[in-house]
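Numbered per numbering that gives the first Met the number 0, the sequence shown spans residues 0 to 215.
Using N, Cα and C, we set each Cβ at its ideal position, and we do this for glycine too.
Below is one structure; the comments refer to it alone.
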Amino acid sequence: MKRRKLRPYVLPTLMILAITGVIFGTAMISNNLKNAKNDNSDDPTSYVTSTIVEEEQAVINETKTMINPYTDTTVTIGKNYYDYKADSKTQEKSIIYHDNTYLQNSGTDFVSENVFDVVAVLDGSVTDVKEDETLGKVVEIKHENGYISIYQSLSEVSVKKGDVVTQGQVIGKSGTNELDKDMGNHLHFELYVNGQVVNPTLYLNKEIKTSENKEE
Numbered sequence: 000m001k002r003r004k005l006r007p008y009v010l011p012t013l014m015i016l017a018i019t020g021v022i023f024g025t026a027m028i029s030n031n032l033k034n035a036k037n038d039n040s041d042d043p044t045s046y047v048t049s050t051i052v053e054e055e056q057a058v059i060n061e062t063k064t065m066i067n068p069y070t071d072t073t074v075t076i077g078k079n080y081y082d083y084k085a086d087s088k089t090q091e092k093s094i095i096y097h098d099n100t101y102l103q104n105s106g107t108d109f110v111s112e113n114v115f116d117v118v119a120v121l122d123g124s125v126t127d128v129k130e131d132e133t134l135g136k137v138v139e140i141k142h143e144n145g146y147i148s149i150y151q152s153l154s155e156v157s158v159k160k161g162d163v164v165t166q167g168q169v170i171g172k173s174g175t176n177e178l179d180k181d182m183g184n185h186l187h188f189e190l191y192v193n194g195q196v197v198n199p200t201l202y203l204n205k206e207i208k209t210s211e212n213k214e215e
């Protein structure tokens, strides 16, 4: 069977028609895209924007309960924090006598006949670990929102400077020191809020503000 041949004038005509079709089709597509941009509700690509995932709102005033710096149920308070607003009898019980000097107790002393574990009252980072001739072994932990807890009179320390600790983690054991040697085995606990020493008993076992993140 012979193959059919197109006449010479047919080929240019077909090429012109093909080119015209391409141009017309391109114009139609461009026009449709332009109209779609003016109507975001019909444009599926309009959903692919920075607003697809809304920015997470910052947490403001998150709270957490500060726990006791010990877990042993036999532990009791041996000497309270010196409170300027307390009555005279309470203040007398908050005085420390050392080296012929009367000192106001800047923390709370927890005592027990037996050595007990000392734990972190909140999550935080260990900012200092040292041994003092008068205070004994000392651990300082920095927490969020301006809280700093200090643990003195430790016989053992199980953390080091730079460690990140979690609430309730054992950081050492109770012991004795020269400043409060008449108290025997105990833990001297101090709490600072925004650089000011405070009465620990007003914060222990209570909800406190641990973060205050604000939107930029």
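Item                                                                                                                                              : Value
Given a threshold of 16 other Cβ atoms within 10 Å of its Cβ, counted over all protein chains shown, does T107 qualify as buried or as exposed?   : buried
With 16 as the cutoff for other CB atoms within 10 Å, does T73 come out buried or exposed?                                                        : exposed
Counting only the same chain and skipping the five closest in sequence on each side, list residues whose C-beta sits under 8 Å from that of K208. : N60, E61, T62, N144
When the Cα of S210 is compared with those of N198, N204, V192, V197, which residue comes out closest?                                            : V192
Could you tell me which residues DSSP pairs with F109 in its beta bridges?                                                                        : I76, L186
Which residues share a DSSP beta bridge with L102?                                                                                                : I95
Going by DSSP in three states, T223 sits in which element: helix, strand or coil?                                                                 : Because the chain in this structure spans residues 0 to 215, residue 223 falls outside the shown range and cannot be described.
Can you check which of these residues, N198, L178, D122, H185, is closest to N99 by C-alpha distance?                                             : L178
Just verifying my parser: in three-state terms, what is the DSSP assignment at E143?                                                              : helix
Going by DSSP, what residue range makes up the beta strand (DSSP E) through T64?                                                                  : 61 to 64
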